[in-house]
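Below is one structure; the comments refer to it alone.
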Amino acid sequence: MAAPRVTSGLQRVLLMLKNVHFKSGYHIVASRKQYSTVYDPNEKTFEKILIANRGEIACRIIKTCKKMGIKTVAVHSDVDSSAVHVKMADEAVCVGPAPTSKSYLNMDAIMEAIRKTRAEAVHPGYGFLSENKEFAKRLAAEGVTFIGPDTHAIQAMGDKIESKLIAKNAKVNTIPGFDGVVKDTDQAISIAREIGYPVMIKASAGGGGKGMRIAWNDEETREGFRFSSQEAASSFGDDRLLIEKFIDNPRHIEIQVLADKHGNALWLNERECSIQRRNQKVIEEAPSTFLDPNTRKQMGEQAVSLAKAVKYSSAGTVEFLVDSQRNFYFLEMNTRLQVEHPITECITGLDLVQEMIRIAKGYKLHLKQADIPIKGWAIESRVYAEDPYKSFGLPSIGRLSQYIEPLNLTNVRVDSGIKEGSDISIYYDPMISKLVTYGSTRADALQQMVEALDNYVIRGVTHNISLLREILVHPRFVKGDISTKFLPEVYPDGFKGHQLSDNGRRELLATAACLYVALQLRSRRFLGNQRVSTSHKEQNRWELSLNLDKDTHVVTVFSTGSLFTVELDGKRLNVTSEWNLASALLPVTIDGTQRTMQCLSRDASGNVSLQYLGTVFKIQVLNRKAADLNKHMPEKVPEDSGSILRSPMPGSVVAVSVKPGDMVSEGQEICVIEAMKMQNSMTAARTAKVKTVHCKAGDTVAEGDILIELGMD
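The working numbering numbers the first residue of the sequence shown as 12 and each following residue consecutively.
The structure is reproduced here in structure tokens:
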């Protein structure tokens, strides 16, 4: 396989990286292994395991079960009947309709599926019932093994109030706050004032960023209490809230622990999870660039101390907030397999799913703390069906019309549960995949991630690859200068996509012009042969007009075989490519710099959408005559966005606060939309009278649907 190509942009990034000193304190050993599942036929575990989950995590668990010789049972909702995890499993049982409350959270239906298939054990994955103590109790009552900790640990660590008290007693550093349940809004404000702003309001039974709000004053506390309690009730069936001091500008670093039923416990190093939006992780890496050996050891030992305090047995994660002085504070413990577990597998070589299965069967850990290495570096990007231009990612739905994972590249792992033709619906998390790259150094892993994102083909839904790529090449991320406030600090006005430099603009325009010419040349051929020409001389020179961001550029293209010479803005560029117009990927070389672009669409009007450096740019390419005529075409009058409130995402209407004839002020809440268990307040863009209300509580809306129309002031 050819060596990975390094573009000039990446060369600058990697040069910066070489000059950055990371205090890991470990000798980094090259490793090509993602994780190793060693099946010992003499070590009997289970004959059949039911996976009480869906999507990529269900697929991930099934892969390890197959390697261990264990039969698997998938559960699914009616809309997931053709899902990848259903096809991978040996058996599948439908447990209800699409809403999670009627399927993946339907304990009665899942218990019946266990009885029907005679599964000996259940792996819950993450989310859904993975941290539900009642589910674990029901399994135990029927003699079915829960592949996770016992109910005591789930209850103790699942309740943030109780877990904080246990952590204190276990000598784990904790955040100052109110050790109790907040009863109402007035008490919330009183507690917040006593602790001192800013404060974090969060669900006692929560996780995954749901039911969490930061409040900087009384009004935000009042609003945050309302939304957090509603989200907590919707996501976890428990609306209890707690309040604690918000550590401003921290890092989010977590420790992976592994413990058996014989009192043995290990910490498997850390994961840096500071790149977040709405308290949900976007990019993770292992190890962290920030920790020194002493801090890593202290965090690991405190994590193990907490695990032992609750007699924990399984894989679990202890999350910490770390300030600029490397002081760290316990945040929560997740009593399940973590979403970002693949990067730990990459740097340790362990299969965490296999370890969970072994522990559940009663086997001792076969490793000691001294056996746990840091082999290389791993980075994970969460690829979501989201629009990153809306609050760094609001959900998108649709069908994957084309889908190609970048597995042709070395040291790339993709954990996904979808395929070409799969539907991304409003009912479930919009994750497409977890894209993981790894290498002997951070620079290697970073280079591979950027290359993998450029080669990842996703059509049919809006995705967040543009945001992921921009984060990865940003100088602050390259230096390791990050915190949980990275996104709002780097993009204070919201994410706008890749900002073109003069050279980048020329590369993009030159490629679009050459693509136009390549299409013209292809139209001359019929079944691979040259058509009979009606002219005396074949055309090899094109004068074109290109429109990008309302700017017009005059471009001249000369063709000589596969080489195009482009004259643009007083510069001359040489562009070469195989020009395989049927391929999803468009690799081009521009003056010696290699780029992998994607042509997403093109039409007869000269409009072409090119994905360049992760961001999609829309360009109109016309010959000079067509461009002259196009000047006479009328322009479409833009919609008055101040008078019409449209849904920014697909979801369901939770509440409508106004009716026709009401006066609303700028910024006043008009309605609340829930998408993927997150509630979003829709507000008025200006002061006006409500003209028409197009929705009511309980309605399902699509992205762009009109919710409210405003009249005159």
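Using N, Cα and C, we set each Cβ at its ideal position, and we do this for glycine too.
- Restricting attention to Leu116, Leu479, Pro110 and Ala318, the CA atom closest to the CA of Phe247 is found in Leu116.
- Within its own chain, the residues whose Cβ lies closer than 8 Å to the Cβ of Lys670, once the five positions on either side in sequence are excluded, are Val701 and Val704, listed in chain order.
- Sequence-distant Cβ neighbours of Phe506 in its own chain, meaning closer than 7 Å and more than five residues away, are Pro399, Tyr400, Phe403 and Leu478.
- Pairing Ala244 with Arg251, the inter-Cα distance amounts to about 8 Å.
- For the set Thr111, Leu411, Leu592 and Leu483, the Cα lying nearest the Cα of Arg533 is the one of Leu592.
- Under the three-state reduction of DSSP output, Met660 falls in the coil class, being neither helix nor strand.
- For Tyr340, the enclosing beta strand (DSSP E) covers residues Phe339 to Asn345.
- Assigned with DSSP and collapsed to three states, Thr626 falls in strand.
- Its Cα nearest to that of Val484, the residue His509 stands out among Ile469, His509 and Ile212.
- In the three-state DSSP reduction, Lys78 falls in the helix class (H, G or I).
- Short of 6 Å from the beta carbon of Val97, and not among the five residues preceding or following it, lie these beta carbons of its own chain, in chain order: Ala85, His87 and Ala103.
- A contact is defined here as three or more CB-CB pairs under 8 Å, and the region 128-147 meets this definition with respect to the region 55-65.
- Cβ contact annotation for Asn475 (same chain, cutoff 6 Å, sequence separation greater than five): Tyr395, Glu397, Pro399 and Gly404, in chain order.
- For the region 670-718, there is no continuous alpha helix (DSSP H) assignment of 4+ residues that stays within its boundaries.
- About 7 Å separates the beta carbons of Thr300 and Glu283, which is inside the 8 Å limit, making them a contact pair.
- The three-state reading of DSSP puts His96 in helix, counting H, G and I together.
- Each residue's CA atom was taken as its position, placing Arg347 and Ala226 some 29 Å apart.
- Looking at the DSSP output, Gly603 bridges to nothing.
- Contact fails between the region 486-496 and the region 607-616, because fewer than three Cβ pairs, one in each stretch, are under 8 Å apart.
- DSSP places Ala103 in the uninterrupted beta strand (DSSP E) bounded by Glu102 to Gly107.
- Rounded to the nearest angstrom, the gap between the Cα atoms of Tyr449 and Val350 is 17 Å.
- Its Cα nearest to that of Ala615, the residue Leu633 stands out among Leu656, Ala696, Asn558 and Leu633.
- With a cutoff of 8 Å on beta-carbon distance, Ala326 and Leu378 are scored as not near each other.
- Counting of Cβ neighbours within 10 angstroms places His352 among the buried residues, the total reaching 16 or more.
- For the pair Ile443 and Ser201, the Cα-to-Cα distance works out to about 42 Å.
- Here the region 315-323 does not lie against the region 419-434, with fewer than 3 beta-carbon pairs under 8 Å apart.
- Short of 7 Å from the beta carbon of Ile73, and not among the five residues preceding or following it, lie these beta carbons of its own chain, in chain order: Ile62, Thr83, His96, Met99 and Ala100.
- Annotation for Ala226: the continuous beta strand (DSSP E) segment containing it runs Met223 to Ala226.
- In its chain, beyond the 5 residues on either side, His509 and Gly625 have a beta carbon closer than 7 Å to the beta carbon of Glu481.
- For Met442, the uninterrupted beta strand (DSSP E) run begins and ends at Met442 to Gly450, by DSSP.
- Apart from sequence neighbours up to five positions away, the residues of its chain that approach Gly373 with a beta-carbon distance below 7 Å are Lys272, ordered along the chain.
- In terms of CA proximity to Met168, Ala216 leads the group Ile158, Ala216, Asn180 and Glu145.
- Of the residues assessed, Gly274 falls on the exposed side of the cut-off, its CB having fewer than 16 other CB atoms within 10 angstroms.
- When Cβ pairs closer than 8 Å are counted between the two stretches, the region 254-263 is seen not to touch the region 354-362, the count staying below three.
- Under a 10 Å Cβ-count criterion, Asn180 is classified as exposed, with fewer than 16 other Cβ atoms of the shown protein chains found around its own Cβ.
- Contact between Ile408 and Ile437 holds: CB atoms are separated by about 6 Å, below the 8 Å threshold.
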